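Take the position in the sequence shown, starting the count at 1, then add 14; the result is the number in the working numbering. Note that the Cβ used here is the ideal one computed from N, Cα and C, for glycine as well. Just so we're clear, the structure is a prediction, and the values are computed from it rather than from any experiment.
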Amino acid sequence: MLFEYKIRNFNFRLVLYVLLLSCIGVLVIRSAASSGEDTRATRQIMGICVGLSTAVMLSLIDYHRILRFGTMVYLGCVGLLAWVLINGVLRGGATRWVVLPVIGQLQPSEFTKIGLIIFFAWYFDKYQERINQMPVLAGAAVLFGVPVFLILAEPNLSTSLILIMLFTAMIFVAGLSYKWILGIAAVIAPLAGLFIYLLQYEMVPFLRGYQAQRILSFINPAKYQDNNLQQDNSVMAIGSGQLWGKGLNNTTIASVKNGNFLSEESTDFIFAIIGEELGFVGSMLVLGLFLLVIYECLWMARKAKDVSGKILCTGMAALVGFQSFSNIAVATKLFPNTGLTLPFISYGVSSLLSIYLGIGIVLNVGLQRKITHS
């Protein structure tokens, strides 16, 4: 199959943008690392090398061959998520990791994002002609609900919300009728009000106490001021960077990072480090690169030769877009505090490898774009 591709169709721009984001991530992780954590940058570099190599290999494999294993990919994701609940590693009050032979510690929920993109690209392509029929939609809802339920049980509300956004984007591109969209919107609107009411009394069944507190602190910051401490410090760090920032690896007393005012500065709040050390200019550069990655994925979705390719590219665009926006929105206090990484930048080998897998498949869709006639 390799020699049937035209190299001029390979999206080198996307690879460049992804590598630039990854390089910025390594620099910021190294700067954010405290003493004894210097190995994080090294591990991230190794993750980039493995991820990029895997992405290049996947880009040369016909994505239709990968979609044939969609059911196996789905079952593998569900199996790993179930294994997390049975024999997972507890860290920070959540069980989200498993230890596998040779591979080591792994976070299955990160790979589930890519797995569900692959599976539903196959599913919606297979039932494209009946996408608006109740049995097909009900089947999709059940199949989607199983991994989401397992992830919620870890607990991991933030990843569940990202998966909901992914699913919404993919089913829309698959051809969901506007009658269904308007009907669902009409149901969700009153449920949202009921959700906020029940939240005040911690009566939402799938939310833990601390999760409810985070949302309530966003809705009513004056009443739950203590819960906003991390986000307040994050905003202070971003603002202190001003136009050009304080520079990477700075050791000044005025640094919010060096004052230990931030937690999870290498993962959840890494954008606060970017804002403080690279300033407004560096922050805009990062945002611009994310927009370019999303644009390239959507451009390849438009050029895809079939529905499955379009869904794969749209799913990756939604993943990068929603997750990066959510992470930055938390750091800037636009969203309630969640535990999401910033794609390509935050420390985390599982997150890094999984998203490179998705990029590799998207690159192959771009290699097989539809033929246009002038």
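Per DSSP, G372 lies in no beta strand (DSSP E) segment; the continuous alpha helix (DSSP H) that holds it begins and ends at V363 to L381. The C-beta separation of S280 from R22 comes to about 39 Å, leaving the pair out of contact by the 8 Å criterion. Here S360 is near G39, since their CB atoms are less than 8 Å apart. With contacts defined by Cβ atoms closer than 8 Å, A183 and F283 do not form a contacting pair.
Rounded to whole angstroms, the separation of the alpha carbons of G374 and M71 is 7 Å.
Assigned with DSSP and collapsed to three states, G197 falls in helix. Unbroken alpha helix (DSSP H) stretches of 4 residues or longer found wholly inside the segment 37-91: 53-73 and 77-81, given in chain order. Note on geometry: alpha-carbon atoms of G159 and S174 lie some 10 Å from one another. Close CB contacts of A332 within its chain, under the 7 Å cut and outside five residues either way in sequence, are with M179, L180 and A183 (chain order). Assignment of A167 by DSSP, reduced to helix, strand and coil, places it in the coil class.
Taking all protein chains in view, the Cβ of W111 is crowded by 16 or more other Cβ atoms within 10 Å, so the residue is classified as buried. Per DSSP, A108 lies in no alpha helix (DSSP H); the unbroken beta strand (DSSP E) holding it starts and ends at A108 to L114. In the DSSP assignment, R316 falls within the alpha helix (DSSP H) that extends over I284 to K317. Where V103 is concerned, there is no enclosing alpha helix (DSSP H), although the beta strand (DSSP E) around it starts and stops at V103 to R105.
One alpha carbon belongs to E278, the other to Q245, and they sit about 12 Å apart.
If you draw a straight line from the Cα of A167 to the Cα of K20, it comes to about 46 Å. Less than 8 Å separates the beta-carbon of G84 from that of Y137. Residue environment: K260 is assigned as buried (16 or more neighbouring CB atoms within 10 Å of its CB, all protein chains considered).
Taking L164 as the centre and dropping the five residues before and after it, the same chain places the C-beta of V92, L95, A96, V98 and L99 closer than 8 Å to its C-beta, in chain order.
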